[in-house]
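Numbering (full-length UniProt numbering), first residue to last: 1 to 310.
Built from N, CA and C at the ideal position, the CB exists for glycine as well.
Below: one structure, written as structure tokens.
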């Protein structure tokens with residue numbers, strides 16, 4: 001029996017851990033069991049813990065990303081507002097720059113106009129000495145054969161005329177003929193009073209040209225304001241018409257209605273319309289109005305330019 005007991009006790013296997021803790025005593029029943037060695041689960045637990053930690057971190061990251069998403073929406077909205085504000089500021093500064101540039105351009109334009117004005121006055125002054133008409137052939141020039149048809153023209157202004165006195169009639173005839181001829185004598189330098197005057201604001205002068213020509217331009221001359229003693233030239237022609245004809249019995253063809261500028265150059269050349277460029281032998285200068293003088297109108301110079309008919 002003892003042998004069996006010793007054998008049995010030898011076959012008993014006790015847990016080393018329980019032995020170390022003092023579990024086995026004389027009264028403690030001996031438990032027979034067979035230990036089966038297993039791999040330590042710590043690594044699996046650690047792996048599981050790692051997975052849990054990973055899952056937790058993923059969850060945390062998801063939550064963090066969700067939070068970041070909300071923050072991102074707010075950040076995106078703020079960026080949009082900021083971008084909109086930048087655009088507004090940029091547009092404002094662009095408009096300011098454009099306004100400054102436009103104002104500067106207007107200032108420079110005004111400055112250029114002020115600089116050009118004296119040059120224009122100088123050109124007008126030089127033009128009075130060297131008019132364009134002097135560079136063109138004049139077919140209404142007395143020295144070249146042109147003449148005034150006095151009996152078909154308006155009467156000369158004679159304020160103290162007395163037709164009952166023979167001497168007065170002779171003086172009037174001589175004065176009228178002399179003054180009418182001044183208009184077609186082609187003087188480049190005009191002198192105050194050296195002109196032909198007719199009564200009222202309407203009148204005409206009929207001229208026989210030196211050649212049959214196709215009229216392209218006419219030039220009307222009068223003294224300037226600066227040449228007038230009182231600085232007024234109300235007796236200067238204002239609106240006038242040009243008629244062309246080949247016979248004195250014709251009514252004539254209107255070649256154009258023009259306006260003389262009292263503030264312009266002394267000699268003003270006008271181009272006639274191309275539709276009226278026909279061959280003519282006689283020209284009638286019809287004055288329609290003047291610049292305010294009700295007593296008389298003065299003509300200083302009249303020239304006819306064109307192409308000679310061959």
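Asked	Found
Find the nearest neighbour of residue 244 within the set 286, 261 and 260, judged by alpha-carbon distance.	286
Let me check one thing: in DSSP terms, what residues is residue 237 bridge-paired to?	290
Report yes if the CB atom of residue 198 is closer than 9 Å to the CB atom of residue 135, and no otherwise.	no
Can you tell me which residues form a DSSP beta bridge with residue 245?	282
How many Å lie between residue 261 and residue 238 at the Cα?	7 Å
Closest to residue 284 by C-alpha separation, out of 268, 266 and 256, would be which residue?	256
What are the boundary residues of the alpha helix (DSSP H) that includes residue 20?	16 to 20
Write down the C-beta distance between residue 205 and residue 141 rounded to the nearest angstrom, noting that I regard them as a contact closer than 8 Å.	The Cβ separation is near 15 Å, so there is no contact.
Taking the alpha-carbon positions, what's the residue 279 to residue 133 distance?	20 Å
Looking only at C-alpha atoms, which of 120, 150 and 186 sits nearest to residue 265?	120
Per DSSP, which residues does residue 158 bridge with? Please list them.	Answer is none; residue 158 lacks a bridge partner.
Compute the Euclidean distance between the alpha carbons of residue 122 and residue 218, then round it to the nearest angstrom.	24 Å
Classify residue 89: buried if its beta carbon has 16 or more other beta carbons within 10 angstroms, exposed otherwise.	exposed
Where does residue 170 fall in DSSP's three states?	helix
If you check the beta carbons only, do residue 213 and residue 302 fall under 9 Å apart?	no
Starting from residue 308, follow the beta strand (DSSP E) in both directions and report where the run begins and ends.	301 to 308
Exposed or buried, what is residue 177 when buried is set at 16 or more other beta-carbons lying within 10 Å of its beta-carbon?	exposed
My parser needs the alpha helix (DSSP H) runs of 4 or more residues fully inside the stretch 176 to 262; what are they?	none
Below 8 Å on the Cβ atoms is my guess for residue 282 versus residue 209; work out the distance and round it to an integer in Å.	7 Å
Nearest CA to the CA of residue 304: which residue from 236, 270, 248 and 18?	270
Going by CA-CA distance only, name the one from 292, 143, 86 and 235 that's closest to residue 211.	143
Would the beta-carbon of residue 233 fall within 9 Å of that of residue 222?	yes
Under three-state DSSP, which class holds residue 147?	strand
Alpha carbon to alpha carbon, how far is residue 179 from residue 195?	6 Å
Taking the straight line between their C-alpha atoms, what separation do you get for residue 273 and residue 185?	26 Å
Are the Cβ atoms of residue 139 and residue 156 separated by less than 9 Å?	no
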